[in-house]
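Participant: Here it is, the structure, as structure tokens.
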Amino acid sequence: MEIEPADDATGDVRAAENAALVHLADSLAALQSMIATLQAQENVILVAARDIADLQSKRLPADFRNREMPLRNTTAELAAALRVSDRVVQARMADAWTMVARFPATHTALAEGRITRTHASVIVDAGAAIVDDDARGRYEHTALDRAQGETPGRLRPIARSLAARAEPTSAAERHRRARGRRGVFVRDVEDGMAEVLAVVPSVIGHGIHDRLTQMAHEVRQASSHDDAATLELFDDDGTPAERDARTMDHLRADILADLALAGGPLAAGDGLDAIRARVQVTLPVLALAGVRDDGAELAGAGPIDAETARRLAGGATSWTRVMTHPVTGAVLAVDGYRPTADLQRALRVRDEHCRFPGCRQPVWRCDIDHSHDAALGGETRVDNLAHVCRRHHVLKHSQQWRVRHLGGGSLEWTTPAGRTYVDVPSPTLRFLPTDVPDGDPPPY
Numbered sequence: 001m002e003i004e005p006a007d008d009a010t011g012d013v014r015a016a017e018n019a020a021l022v023h024l025a026d027s028l029a030a031l032q033s034m035i036a037t038l039q040a041q042e043n044v045i046l047v048a049a050r051d052i053a054d055l056q057s058k059r060l061p062a063d064f065r066n067r068e069m070p071l072r073n074t075t076a077e078l079a080a081a082l083r084v085s086d087r088v089v090q091a092r093m094a095d096a097w098t099m100v101a102r103f104p105a106t107h108t109a110l111a112e113g114r115i116t117r118t119h120a121s122v123i124v125d126a127g128a129a130i131v132d133d134d135a136r137g138r139y140e141h142t143a144l145d146r147a148q149g150e151t152p153g154r155l156r157p158i159a160r161s162l163a164a165r166a167e168p169t170s171a172a173e174r175h176r177r178a179r180g181r182r183g184v185f186v187r188d189v190e191d192g193m194a195e196v197l198a199v200v201p202s203v204i205g206h207g208i209h210d211r212l213t214q215m216a217h218e219v220r221q222a223s224s225h226d227d228a229a230t231l232e233l234f235d236d237d238g239t240p241a242e243r244d245a246r247t248m249d250h251l252r253a254d255i256l257a258d259l260a261l262a263g264g265p266l267a268a269g270d271g272l273d274a275i276r277a278r279v280q281v282t283l284p285v286l287a288l289a290g291v292r293d294d295g296a297e298l299a300g301a302g303p304i305d306a307e308t309a310r311r312l313a314g315g316a317t318s319w320t321r322v323m324t325h326p327v328t329g330a331v332l333a334v335d336g337y338r339p340t341a342d343l344q345r346a347l348r349v350r351d352e353h354c355r356f357p358g359c360r361q362p363v364w365r366c367d368i369d370h371s372h373d374a375a376l377g378g379e380t381r382v383d384n385l386a387h388v389c390r391r392h393h394v395l396k397h398s399q400q401w402r403v404r405h406l407g408g409g410s411l412e413w414t415t416p417a418g419r420t421y422v423d424v425p426s427p428t429l430r431f432l433p434t435d436v437p438d439g440d441p442p443p444y
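Residue numbers (full-length UniProt numbering): 1 to 444.
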């Protein structure tokens, strides 16, 4: 097929479009370079904050037990200003120090805008295990040369290979150090789902995946045999039999949940009936009755579907009826018999997680703290109590963070540096009625 040549007018339009794209590409590249420079400045600020904490630690008495407390206080102060958790700031501070102190050439390249922070992180992560300063410097120089023309994704295996050649330590020793970073982590995502990440030795990880795949094939084979045995694919009551339509990925995920929660695959396939872990679910009575399908909440994570909440409620060993404000949703009262237990229930429902700014540790990992110290006359009342995780409980009392109750469960935190932040309890942000009529005031 012959392509007709474009007329002059069309050619002019395309030339103008190409020129515009070149200008946009140059603008984006310049912007990316400026962002990299700012990120390098952030590293410098974080390292300076760490230096302040180090100086404060050195002034502590030699027998002072919690020598890391100045660092915790510094990260908490910065985290409150940035509206992130102090653990996030502490991790960023550690990363910044590693880059500035151990990979200075990489930090300089970032400050000059020659590489992105993602490139820099790849270089630092791959070379972090190199102990010898000279070997690390040689690795860094070569990796930076390669970073100039590679994407971060393509740079990663290159950097790992360069680091392995530069590191005089044996592979066995590197693996031993890497094993020290193993763990299991949970990250909440959208629509009532979560990601579970297990960091384990590579052979274990692939072994887990292979075992789950084998078990998934066994479940699928068993399902096929059941279908073949039921000639007309009908249940005893005459209704069509449901076939297992789960994919291999679905089966692997379901079997993993079953093994962790119940010790083996379950017929239900989602593991909900086996949950015996400590979770707190808030479920409106109308949703429990099936009248409505919204409003269910998993404490510390967010909304979940009403059907999941009803199934969890069916296996609950105890119930607590909670009265909330019809507009704000603030907890007003909790049914119960013993006052102390009632107060604990009310606080658990109100707080859901640690009330320190930015912290999301669930209430069952927290202490109930007197905002105004009980030893100084603070009363054991709902408006003088709040859940605070052990990390922030110790920080509050040792570093002079102050808390004031504002009403409705809201807390005003004042940092040692004098800045103030208000933490609002989660229930005040939801369950707002949509059928309050205009005109007459509400009956409360």
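Glycine is no exception: its CB is placed at the ideal position from the N, C-alpha and C atoms.
1. Give me the residue from R67, V349 and D86 with the minimum Cα distance to T75.
2. Between E190, P201, E195 and L60, which lies nearest to residue 455 when the distance is taken from Cα to Cα?
3. The alpha helix (DSSP H) spanning G137 covers which residue range?
4. When DSSP builds the beta bridges, which residues end up paired with residue 491?
5. Evaluate contact between the stretch 123–137 and the stretch 150–169, counting only Cβ atoms and requiring at least three cross-stretch pairs below 8 Å.
6. With C-beta atoms as the reference, is L46 less than 8 Å away from A96?
7. Decide if the stretch 180–187 is in contact with the stretch 139–146; the criterion is three or more beta carbon pairs, one per stretch, under 8 Å apart.
8. From the DSSP output, which residues share a beta bridge with R183?
9. Using the beta-carbon count (16 or more within 10 Å), is V388 buried or exposed?
10. Identify whether A129 lies in helix, strand or coil by the three-state DSSP scheme.
11. Out of L71, G113, D134 and R14, which has the shortest C-alpha to C-alpha gap to Q39?
12. To the nearest angstrom, how far is it from the Cα of H217 to the Cα of A253?
13. Looking at the structure shown, is V363 part of a helix, part of a strand, or coil, going by DSSP?
14. Among A126, V196, A260 and L385, whose alpha-carbon lies nearest the alpha-carbon of H405?
15. Helix, strand or coil: which one does DSSP assign to L347?
16. Which residue from A94, A135, R72 and A126 puts its Cα closest to that of R154?
17. Quick one: give me the first and last residue of the beta strand (DSSP E) that H387 is part of.
18. Could you tell me the alpha carbon to alpha carbon distance between P416 and Q400, rounded to whole angstroms?
19. Could you check how far apart the C-beta atoms of Q361 and H353 are, in whole angstroms? I think they sit under 8 Å.
20. Taking W413 as the reference, give the member of T151, A80 and L162 with the closest Cα.
21. Taking R83 and G418 to be in contact with their CB atoms under 8 Å, please state how far apart those CB atoms are, rounded to whole angstroms.
22. Mapping the DSSP letters down to three states, classify P441 as helix, strand or coil.
Facilitator: To lay it out plainly:
1. For the purposes of this step, residue 75 is taken as the residue at position 75 of the sequence shown. It is D86.
2. Because the chain is modelled from 1 through 444, residue 455 falls outside the range shown and cannot be assessed.
3. Within the sequence shown, numbered from 1, the residue matching residue 137 stands at position 137. From DSSP, the alpha helix (DSSP H) with G137 extends over D133 to A147.
4. The structure shown does not extend to residue 491, since the chain is modelled only from 1 through 444, so no value can be given for it.
5. yes
6. Here residue 46 is taken as the residue at index 46 of the sequence shown, counted from 1. Here residue 96 is taken as the residue at index 96 of the sequence shown, counted from 1. Going by C-beta atoms, L46 is nearer than 8 Å to A96.
7. no
8. Sequence index remark: in the sequence shown, residue 183 carries index 183 (1-based). According to the sequence shown, residue 183 is Gly rather than Arg. Answer by DSSP bridge pairing, in chain order: V199.
9. Translated into the one-based positions of the sequence shown, residue 388 becomes position 388. The residue in question, V388, is buried, as its Cβ has 16 or more Cβ neighbours within 10 Å.
10. On the sequence shown, position 129 is the one that residue 129 refers to. Three-state DSSP puts A129 in coil, outside helix and strand.
11. Position 39 of the sequence shown, counting from 1, holds the residue named residue 39. Taking only the C-alpha atoms, the option nearest Q39 is G113.
12. Within the sequence shown, residue 217 is the residue found at index 217, counting from 1. Within the sequence shown, residue 253 is the residue found at index 253, counting from 1. Taking the straight line from one Cα to the other gives about 13 Å.
13. Counted from its first residue, the sequence shown places residue 363 at position 363. Reduced to three states, the DSSP call for V363 is helix.
14. Working through the sequence shown from its first residue, we reach residue 405 at position 405. Cα-wise, what sits closest to H405 is L385.
15. Position 347 of the sequence shown, counted from the first residue, corresponds to residue 347. Residue state, collapsed to three classes: helix.
16. Stepping through the sequence shown from its first residue, residue 154 is reached at position 154. Among A94, A135, R72 and A126, the Cα nearest to that of R154 belongs to A126.
17. For the purposes of this step, residue 387 is taken as the residue at position 387 of the sequence shown. Unbroken beta strand (DSSP E) run through H387: L385 to C389.
18. For the purposes of this step, residue 416 is identified with residue 416 of the sequence shown, where counting begins at 1. For the purposes of this step, residue 400 is identified with residue 400 of the sequence shown, where counting begins at 1. Cα to Cα, P416 sits roughly 6 Å from Q400.
19. Within the sequence shown, numbered from 1, the residue matching residue 361 stands at position 361. Within the sequence shown, numbered from 1, the residue matching residue 353 stands at position 353. Confirmed, about 6 Å.
20. Residue numbering aside, residue 413 sits at position 413 when the sequence shown is read from its first letter. Of the candidates T151, A80 and L162, the one whose C-alpha sits nearest the C-alpha of W413 is A80.
21. Position 83 of the sequence shown, counting from 1, holds the residue named residue 83. Position 418 of the sequence shown, counting from 1, holds the residue named residue 418. Rounded, the Cβ-Cβ distance is 18 Å, inconsistent with contact.
22. Residue numbering aside, residue 441 sits at position 441 when the sequence shown is read from its first letter. Any answer about P441 is weak, because its pLDDT of 47 lies below 50 and its placement is not dependable; what the coordinates show is given next. Correct three-state label for P441: coil.
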